[in-house]
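Protein sequence lines correspond, in order, to chains A and B. Okay, so the first sequence: first residue is 1 according to the working numbering, each after it adds one. Okay, so the second sequence: first residue is 1001 according to the working numbering, each after it adds one. Below: the structure, in structure tokens.
2 protein chains.
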Amino acid sequence: MREVAVIGAGMTRFGKHIDRSMKDLAREAIESALNSSGVSKTALEAVAVGNAMAGLITGQECIRGQVVLHEMGIGGIPVINTENACASAATAFHIAWLYIASGMYDTVLAVGMEKLFHADKQRSFEAIGSAIDVELMQQTLEQMKNATPEGGEGAGAGKSRSMFMDFYAEFARDHMRKYGTTKEHYAKIAAKNHTNGSLNPHAQFQTPRTYEDVLASPTIADPLTRMMCSPIGDGAAAVLLTSADKARQFTSKPVYIKASVLGSGRDRQTGDPEINERVARKAYEVAGLGPQDIHVAEVHDASAPAELIICEELGFCQHGEGGRLIDEGATLLSGRIPVNPSGGLLAKGHPVGATGTAQIAEIFWQLRGEAGKRQVQGAKVGLTENGGGMIRGEAAALAIHVLTV
Amino acid sequence: MREVAVIGAGMTRFGKHIDRSMKDLAREAIESALNSSGVSKTALEAVAVGNAMAGLITGQECIRGQVVLHEMGIGGIPVINTENACASAATAFHIAWLYIASGMYDTVLAVGMEKLFHADKQRSFEAIGSAIDVELMQQTLEQMKNATPEGGEGAGAGKSRSMFMDFYAEFARDHMRKYGTTKEHYAKIAAKNHTNGSLNPHAQFQTPRTYEDVLASPTIADPLTRMMCSPIGDGAAAVLLTSADKARQFTSKPVYIKASVLGSGRDRQTGDPEINERVARKAYEVAGLGPQDIHVAEVHDASAPAELIICEELGFCQHGEGGRLIDEGATLLSGRIPVNPSGGLLAKGHPVGATGTAQIAEIFWQLRGEAGKRQVQGAKVGLTENGGGMIRGEAAALAIHVLTV
């Protein structure tokens, strides 16, 4: 397979864009990615588009990418629409990579886009609820309702936003019990990400926070406070890929894709590694690198404890040592392995189907030394980890990418 | 790129499966495809899943494939969920092909699945309406409503089922005006497909029809009668792919993929070929074959006139000669170029996101001589054409595959 490079990236600011359509957000991200690469839209050979929830938010299923691209005058070429819940855009990136790696095309665009805010808030929650097995969820709620008449109120899918955070709270507590991790550790992660976000003009939240601020924000599900949970958001991010051979025709600073690995959840047997560990192991093997070689990472901190546990699973420290990693400041911008310099999902925001390409964009800028005030000094090797959905306690989809300059 | 082969196929009967879930339908198709190939589910390395409308019908967006596969004990491997309206399953097949052609994986499953019937019929129509630009549609309806107060009633997307057929009727009339094609020509196509369907145990409609029957069925939009329009349906179809090198480990009759080309619509300039012609030209070039080499074809006859015009665009006859092609009986099972031996969308049925893999399954069986009473004698080269969605008069997505034994 051919080596592939990223040569351009663009994104909107993430946030509440009530007055802007998904088309409008995607257009901004795509134009920005094209401009940054110097590739014209007529030179594109294919487009892969990630989006998770437009069907439920706007009624636009089926040809989500084409309706966005057509208005920009991009047409005629293959358009693959893909969804993998929160990992939709990383999946789109994986498909774009595959098209080039296979030798089929040379210049492919990957787009992630999402509009989650809706005048009817319940609709946003229901859309998020589609990232699990909806049928199973409805059955479970039926059973709960029959068992405890006071429970189970509310529409099936709509419950799952809080259920996601209940789940995160449960494994946060589990880690505390097993390893002596504290609520303060989680608060420090959130404070770091909010502070990083304050340095990122694309971030939804740009106010630096201390861990005291985080602890003082309202409790969502103990030990999680609001600032430890990723917000609802709108936004889009796009990246442009080409073959490593051709990359230098466009830029003196291509960012090479050393590994693109997609996985999905499964019922684990005793001793089986968790999905992140399993997919990371494969990605490191493909890249010929290990966790010790990574200079900067963007990971899926849908909640603060998720970041801590992901750091362990990616091998940035031993299992159970996540708390110590935080205490040492290793994941700070100035640390040994800076994590989520963009602000992560907690502060940059999490427009579900846009997150994966936004992570790639951030690593692209970091490795090129173009990350402004949040620049990780000397970063030459980066990693992205983008998880999506949930089936019986494991991520339904997970994509890890390793990039280098 | 490596050559890829199809080594197994399975599908449900298409039709009204009110009492069966999408999971249940997909399971039947997948198990049947695995059994026919002798490949165990644990040997699968990746799965690509096409579905167009579950988000709007069942609320299941995001991880449609995983929820189906997980219950069957298939997990851990990459799952790519894709949608391209009526061409969703052909897009999934294209991704599966790409995984193997690239050299990344050896054994990949492609699944198409759809459940369109819903207790609330309006919901089915609204889902179908998502195969166009929903925002544009709503704006158009608003304008229509303002211009003619008696028009424009009903929800935006819900109008588009009949609008698709209005569109087909318009270009059917256009062909009649330009080339002297008659309503009887369209009726003969529908009669052929219904009669072929009567020979196919997987078909939704299994009653042979004469062209008089077709003309006597209720008018939908002149010249289209009901039997000239594809029905709403539920169903699933799955096919198993492996590298040409490995195919003979599993079967003595692999079916090779000579071309897999995906395209999308665009604003055409004067003289630009229509999308089918453009994608077909590319597919023939890649396959090193021409229309004269095709022995059997499954094409996207969402309406009877569509089949006629597609035959011209694929080069089975000259432009404007479609009527003569029908009069000569060339597209009958016994003809020079049999089209839609399965019964096509008109009779086999059209569960939107399942149609693409069902077309591949039919060609797989035809080229292996396993198509029973509808077998095209001596068929060694087959073609599938699967179109999806619509943007300003062109298909939003289109996939053409050429297969041989």
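Using N, Cα and C, we set each Cβ at its ideal position, and we do this for glycine too.
Is residue i buried or exposed, if buried means 16 or more other CB atoms sit within 10 Å of its CB?
i	result
Ser32 (chain A)	buried
Ala1119 (chain B)	exposed
Gly15 (chain A)	buried
Ser334 (chain A)	exposed
Pro1078 (chain B)	buried
Ala203 (chain A)	buried
Ile7 (chain A)	buried
Asp1133 (chain B)	buried
Arg1064 (chain B)	buried
Ala216 (chain A)	exposed
Glu1362 (chain B)	buried
Gln66 (chain A)	buried
Arg1266 (chain B)	buried
Thr1384 (chain B)	buried
Thr181 (chain A)	buried
Gly393 (chain A)	exposed
Glu150 (chain A)	Its pLDDT being 42, under 50, Glu150 (chain A) is placed unreliably by the model, and the measurement read from it follows with that caveat. By the 10 Å Cβ count, Glu150 (chain A) comes out exposed.
Gly288 (chain A)	exposed
Glu1274 (chain B)	buried
Gly73 (chain A)	exposed
Determine the closest residue to residue i out of the options, with distance taken between C-alpha atoms.
i	options	result
Ala1190 (chain B)	B:Pro1341, B:Gly1353, B:Gln1377	B:Pro1341
Leu69 (chain A)	A:Leu25, A:Ala85, A:Phe93, A:Gly322	A:Leu25
Gly233 (chain A)	A:Glu3, A:His350, A:Gly372	A:His350
Pro223 (chain A)	A:Ala306, A:Thr270, A:Phe250, A:Ala29	A:Ala306
Ala1297 (chain B)	B:Asp1267, B:Tyr1284, B:Thr1331	B:Thr1331
Val1111 (chain B)	B:Gln1249, B:Glu1142, B:Ile1360	B:Ile1360
His1300 (chain B)	B:Arg1064, B:Ile1309, B:Ile1294, B:Asp1133	B:Ile1309
Ser230 (chain A)	A:Lys348, A:Glu394, A:Gly103, A:Met104	A:Lys348
Asn386 (chain A)	A:Gly263, A:Tyr105, A:Pro338, A:Lys246	A:Gly263
Phe1250 (chain B)	B:Val1039, B:Gly1290, B:Ile1030, B:His1017	B:Val1039
Glu28 (chain A)	A:Ser36, A:Thr12, A:His17	A:Thr12
Tyr1211 (chain B)	B:Ala1221, B:Ser1198, B:Asn1193	B:Asn1193
Ser355 (chain A)	A:Arg2, A:Met1, A:Gly10	It should be pointed out that residue 355 (chain A) corresponds to Thr in this sequence rather than to Ser. Taking only the C-alpha atoms, the option nearest Thr355 (chain A) is A:Gly10.
Met1053 (chain B)	B:Lys1178, B:Thr1207, B:Ala1087, B:Asn1035	B:Ala1087
Met165 (chain A)	A:Leu109, A:Met1, A:Met227	A:Met227
Gln1366 (chain B)	B:Val1255, B:Gly1271, B:Asp1245, B:Ser1303	B:Val1255
Ala96 (chain A)	A:Glu3, A:Gln143, A:Asp174, A:Met137	A:Glu3
Ile18 (chain A)	A:His175, A:Lys121, A:Ser37	A:Lys121
Gly1344 (chain B)	B:Cys1317, B:Lys1178, B:Ala1302, B:Ala1244	B:Ala1302
Met137 (chain A)	A:Met113, A:Met163, A:Leu34	A:Met163
Val214 (chain A)	A:Phe364, A:Gly76, A:Leu346	A:Leu346
Leu1240 (chain B)	B:Leu1109, B:Glu1285, B:Ser1124, B:Glu1135	B:Leu1109
List the whole-angstrom C-beta distance separating residue i from residue j, where the pair is believed to meet the contact cut-off of C-beta under 8 Å.
i	j	result
Arg1368 (chain B)	Lys1183 (chain B)	About 37 Å; that fails the 8 Å criterion.
Asn200 (chain A)	Arg20 (chain A)	Asn200 (chain A) to Arg20 (chain A), Cβ: 20 Å. No contact.
Ala1237 (chain B)	Ala1089 (chain B)	7 Å
Gly353 (chain A)	Asn51 (chain A)	4 Å
Ala396 (chain A)	Gly389 (chain A)	3 Å
Ala85 (chain A)	Ala131 (chain A)	4 Å
Gly1382 (chain B)	His1295 (chain B)	7 Å
Thr1225 (chain B)	Arg1209 (chain B)	Between Arg1209 (chain B) and Thr1225 (chain B) the Cβ distance is about 11 Å, and since that is not below 8 Å, they are no contact.
Ala1371 (chain B)	Ala1005 (chain B)	At roughly 18 Å, the Cβ-Cβ gap does not stay under 8 Å, so Ala1371 (chain B) and Ala1005 (chain B) are not in contact.
Lys23 (chain A)	Glu71 (chain A)	6 Å
Ala1127 (chain B)	Thr1357 (chain B)	No, Ala1127 (chain B) and Thr1357 (chain B) are not in contact; Cβ-Cβ is about 19 Å, not under 8 Å.
Glu83 (chain A)	Glu1061 (chain B)	7 Å
Thr1242 (chain B)	Thr1404 (chain B)	The Cβ separation is near 16 Å, so there is no contact.
Asn315 (chain A)	Pro291 (chain A)	According to the sequence displayed, residue 315 (chain A) carries Gly and not Asn. Contact holds; Cβ gap of about 3 Å.
Ile1326 (chain B)	His1185 (chain B)	5 Å
task = Indicate whether the contact test is met: 3 or more Cβ pairs, each with one atom in the stretch 259-266 of chain A and one in the stretch 34-50 of chain A, closer than 8 Å.
result = Three or more beta-carbon pairs separated by less than 8 Å are not found between the stretch 259-266 of chain A and the stretch 34-50 of chain A, which leaves the two stretches without contact.
key: 3-residue-minimum beta strand (DSSP E) runs that sit fully inside the stretch 213-271 of chain A, ordered along the chain   = Listed in chain order, they are 219-221, 235-243, 255-264.
ask   = Going along the chain, which unbroken runs of the beta strand (DSSP E) with 3 or more residues stay wholly within the stretch 1015-1042 of chain B?
value = If we require 3 residues or more, the stretch 1015-1042 of chain B turns out to have no beta strand (DSSP E) run fully inside it.
query = Is it a yes or a no for the stretch 1383-1400 of chain B touching the stretch 1270-1284 of chain B, going by three-plus beta-carbon pairs under 8 Å?
reply = A contact exists between the stretch 1383-1400 of chain B and the stretch 1270-1284 of chain B.
message = I want to know whether the stretch 1166-1177 of chain B touches the stretch 56-64 of chain A - three or more CB-CB distances under 8 Å.
response = With a cut-off of 8 Å, the stretch 56-64 of chain A and the stretch 1166-1177 of chain B do not count as touching, because too few Cβ pairs lie within range.
ask   = Which ranges would you report for the beta strand (DSSP E) in the stretch 1067-1132 of chain B if only whole runs of at least 3 residues count?
value = The qualifying runs are 1079-1083, 1107-1114.
request  = Give, in chain order, every unbroken run of the alpha helix (DSSP H) that is at least 4 residues long and sits entirely within the stretch 332-401 of chain A.
outcome  = Taken in chain order, the complete alpha helix (DSSP H) segments of 4 residues or longer contained in the stretch 332-401 of chain A are 344-347, 355-367.
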